[in-house]
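2 protein chains.
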Amino acid sequence: MSHSWQEDVQAAVRAGGRISDRFIVDKVRTAVLNQRLPPGTRLPEVALGEIFGVSRSVVRKALTRLAADHVVSQQPNQVARVRAPSIEETRETFAARRLVEGEVAALLAGRLDAELLATIDMLVEKEAGAHARGDEAARIEHSLAIHHLLAEHSPNRVLGAMLTDLVLRTSIVIALYKRAGLASCYLAEDHPALLNHLRAGDGEAARRCIHDHLQALEGLLDLSTRETRIDLMAILGQRESATP
Amino acid sequence: MSHSWQEDVQAAVRAGGRISDRFIVDKVRTAVLNQRLPPGTRLPEVALGEIFGVSRSVVRKALTRLAADHVVSQQPNQVARVRAPSIEETRETFAARRLVEGEVAALLAGRLDAELLATIDMLVEKEAGAHARGDEAARIEHSLAIHHLLAEHSPNRVLGAMLTDLVLRTSIVIALYKRAGLASCYLAEDHPALLNHLRAGDGEAARRCIHDHLQALEGLLDLSTRETRIDLMAILGQRESATP
DNA sequence: GATGTTATTTTTGTATACAATAATGGTTCG
DNA sequence: CGAACCATTATTGTATACAAAAATAACATC
């Protein structure tokens with residue numbers, strides 16, 4: 001297993017930046033998002049502490065926060081692990097995000113100032129550009145930035161905070177359950193259309209747009225056979241029939 | 001300042017129950033709900049540790065959890081305090097709960113098994129009885145139990161967890177902003193009506209019922225003059241004009 | 001060879017010690 | 001009398017030590 005992320009971190013530590021729990025949370029979160037830390041990965045406190053050059057106290061705080069963000073699972077007397085959301089939870093997370101982000105978009109329609117509108121416009125273009133040149137990492141970053149902006153500027157900040165959480169969780173499961181052959185989860189027309197509705201001030205259209213966008217995104221995932229694949233029966237059957 | 005809740009806790013400790021962070025979280029949460037710990041109350045780690053007979057480590061974990069539940073506020077290098085949600089946040093919390101609980105109720109309609117339906121029925125009756133005999137504490141407990149049951153049995157568990165959080169937060173602000181003269185926030189017809197819609201399987205009616213119920217509940221609060229009351233200008237002006 | 005048991009190691013839970021920071025109070029100077 | 005400054009205290013941040021629990025490995029037994 002390559003441990004490139006560990007090298008990254010150690011380089012950052014050597015560079016002199018003060019390490020705090022927030023730093024660790026960020027690093028682990030992005031590593032999970034990029035699937036450099038696959039689900040189930042053990043995250044022992046001492047190991048993380050040595051990597052980041054801090055003691056267990058701050059690692060523990062970071063892990064607690066990551067657990068609150070649903071990125072890792074923490075059970076008493078057991079090592080923390082990268083969470084592996086089930087397909088059921090994935091569907092439920094998408095449904096929750098449809099509800100919340102739809103409402104946020106509806107509230108936001110017609111209320112955006114020109115500056116924010118321009119920023120989103122820029123991000124939409126950047127996303128399209130990144131997709132055009134095949135830079136999937138950049139495309140995801142820009143797409144995330146768009147939805148993050150919506151969450152941050154939600155007139156209802158309680159809903160905004162919930163949306164921030166849901167965007168992260170859906171991003172993780174998208175990385176997890178992306179259909180094998182699929183190069184990208186880019187839906188070309190959705191973000192520009194949303195922007196138009198927001199600009200025009202049509203809240204219900206914006207809500208519908210978000211709803212359909214997320215529905216389409218969920219449709220791009222492979223949520224059919226995961227449970228069967230993990231099912232022991234299938235593995236047992238395979239062992240007897242295949243492997244010459 | 002009376003410290004009756006401290007005595008309660010110390011009695012529980014002497015009784016022999018093992019103290020853990022969960023215990024502290026529960027105690028502080030209910031104390032905040034009952035307004036025995038008013039907003040802004042300082043919660044120093046050592047003091048809590050001595051009260052519960054544990055060290056700062058476990059107190060810290062409890063405080064972190066309470067902060068994640070939006071019960072206390074934790075800022076770096078500063079003592080944790082009981083949170084005082086603003087009227088703006090109160091409105092936003094209610095709006096969020098209307099959205100989420102409405103959806104949960106709609107999802108739940110027609111899907112409840114007979115046992116759960118009977119339990120809710122019993123709670124509705126108990127709530128009415130408690131109100132009739134003027135036992136407000138019991139009435140709140142039963143009312144909370146109803147909404148808690150909805151959250152726990154939400155077909156979408158992600159939404160269910162969000163609802164649990166929102167029910168707690170609205171309960172806190174209800175205690176905080178309850179109109180002075182008001183003895184109770186009981187709306188006699190709402191819970192029975194909801195139960196009927198759930199039993200009949202009419203999701204949209206259940207959603208509307210929840211929506212109106214929460215709207216009415218918010219209407220019972222005094223969300224008008226808080227900010228003006230705390231406003232220094234008013235106090236300054238009063239000092240010059242009044243006080244003979 | 002499989003299985004159940006015990007020893008060892010790993011890992012977390014808790015308490016405590018020290019350092020760093022914020023809050024407090026007193027003192028001096030204008 | 002008030003304001004700025006400094007010393008003191010209170011409180012949190014971090015590291016470490018030891019205890020408890022879980023995971024792992026070794027081993028004996030059948």
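Chains as they are written, first to last, in our numbering: chain V, 1 to 244; chain P, 1 to 244. Quick reminder that beta carbons are idealized off the backbone N, C-alpha and C, glycines included.
{"Check": "Thinking just about the alpha-carbon of each residue, which of V:Leu182, V:Asn196, V:Val28 and V:Arg22 is nearest to the one in V:Ser73?", "Outcome": "V:Val28"}
{"Check": "Identify, in the order they occur along the chain, each residue of the same chain with its Cβ nearer than 8 Å to the Cβ of P:Arg56, setting aside the five sequence neighbours on each side.", "Outcome": "Glu45, Val46 and Gly49"}
{"Check": "So, does the stretch 100–114 of chain V touch the stretch 72–86 of chain V, judging by three or more C-beta pairs under 8 Å?", "Outcome": "no"}
{"Check": "Near P:Cys185, what residues of its chain come up, given a Cβ to Cβ distance below 7 Å and the 5 sequence neighbours on each side ignored?", "Outcome": "Ile174, Lys178, Leu217 and Leu220"}
{"Check": "Output the distance between the C-alpha atoms of V:Ala31 and V:Leu63, rounded to the nearest integer angstrom.", "Outcome": "14 Å"}
{"Check": "Helix, strand or coil for V:Ser224 per DSSP?", "Outcome": "coil"}
{"Check": "Return the CA-CA distance between P:Ser86 and V:Leu33, expressed in angstroms with no decimal places.", "Outcome": "34 Å"}
{"Check": "Out of P:Ala80, P:Ala132 and P:Leu150, state which residue places its alpha-carbon closest to the alpha-carbon of P:Glu103.", "Outcome": "P:Leu150"}
{"Check": "Which residue wins for smallest C-alpha separation from P:Ala109, given the options P:Gln215, P:Ala206, P:Asp135 and P:Leu223?", "Outcome": "P:Ala206"}
{"Check": "Taking contact to mean 3 or more Cβ pairs, one atom from each stretch, closer than 8 Å, check whether the stretch 180–196 of chain V and the stretch 89–100 of chain V are in contact.", "Outcome": "no"}
{"Check": "What are the complete beta strand (DSSP E) segments, minimum 3 residues, inside the stretch 55–137 of chain P?", "Outcome": "80–82"}
{"Check": "Report the neighbours of P:Arg42 on chain V: residues whose CB is nearer than 8 Å to its CB, in chain order.", "Outcome": "Here the premise fails: no neighbours, minimum Cβ distance about 21 Å."}
{"Check": "Relative to the alpha-carbon of V:Arg22, which residue among V:Leu144, V:Gln35, V:Leu66 and V:Pro39 has its alpha-carbon at the smallest distance?", "Outcome": "V:Leu66"}
{"Check": "In this structure, what does DSSP give as the bridge partners for V:Arg42?", "Outcome": "V:Arg81"}
{"Check": "Any C-beta of chain V sitting closer than 7 Å to the C-beta of P:Val158?", "Outcome": "yes"}
{"Check": "Which chain P residues are close to V:Ala106, counting only those with a beta carbon under 7 Å from its beta carbon?", "Outcome": "None at all; the shortest Cβ gap to chain P is about 10 Å."}
{"Check": "Taking Cβ to Cβ, would you say P:Arg42 is nearer than 7 Å to P:Arg83?", "Outcome": "no"}
{"Check": "Could you tell me whether the Cβ of V:Glu92 comes closer than 7 Å to any Cβ of chain P?", "Outcome": "yes"}
{"Check": "Can you list the residues of chain P that V:Thr64 reaches, using a CB-CB cut of under 9 Å?", "Outcome": "Lys61, Thr64, Arg65 and Ala68"}
{"Check": "Give a yes or no on whether the minimum CB-CB distance between V:Gly17 and chain P is below 7 Å.", "Outcome": "With a pLDDT of only 46 at V:Gly17, under the threshold of 50, the placement of this residue in the model should not be trusted, and no figure is reported."}
{"Check": "So P:His70 and P:Arg208 are in contact, right, with Cβ under 8 Å, and what is the actual spacing, rounded?", "Outcome": "With a Cβ gap of about 27 Å, P:His70 and P:Arg208 do not count as contacting."}
{"Check": "Excluding the 5 residues flanking P:Glu152 on each side, which residues of the same chain have their C-beta closer than 7 Å to its C-beta?", "Outcome": "Gly160"}
{"Check": "What whole-angstrom Cβ distance do V:Ile140 and V:Val124 have, given they're in contact under 8 Å?", "Outcome": "So it is not a contact: roughly 14 Å between Cβ atoms."}
{"Check": "Do P:Leu214 and P:Arg98 count as a contact pair if the criterion is CB distance below 7 Å?", "Outcome": "yes"}
{"Check": "Name the chain P residues that come within less than 9 Å of V:Glu115, Cβ to Cβ?", "Outcome": "Result: empty, since nearest Cβ-Cβ is about 23 Å, beyond 9 Å."}
{"Check": "Under the three-state reduction of DSSP, which class applies to P:His3: helix, strand or coil?", "Outcome": "The pLDDT assigned to P:His3 is 40, lower than 50, so where the model puts this residue is not dependable; a value taken from the coordinates is nonetheless given after this. Reduced to three states, the DSSP call for P:His3 is coil."}
{"Check": "Quick check: the Cα distance between P:Ser20 and P:Arg60, rounded to an integer number of angstroms?", "Outcome": "11 Å"}
{"Check": "Does the distance from the CB of V:Ala118 to the CB of V:Ala130 come in under 7 Å?", "Outcome": "no"}
{"Check": "Note down, in chain order, every chain V residue with its Cβ under 9 Å from the Cβ of P:Leu187.", "Outcome": "Simply none; closest approach about 23 Å."}
{"Check": "Of all Cβ atoms in chain P, is any one closer than 7 Å to the Cβ of V:Leu150?", "Outcome": "no"}
{"Check": "If you draw a straight line from the alpha carbon of V:Tyr51 to that of V:Ala68, how long is it in whole angstroms?", "Outcome": "The amino acid at residue 51 of chain V is misidentified as Tyr; the sequence shows Ile. Taking the straight line joining both Cα atoms gives about 22 Å."}
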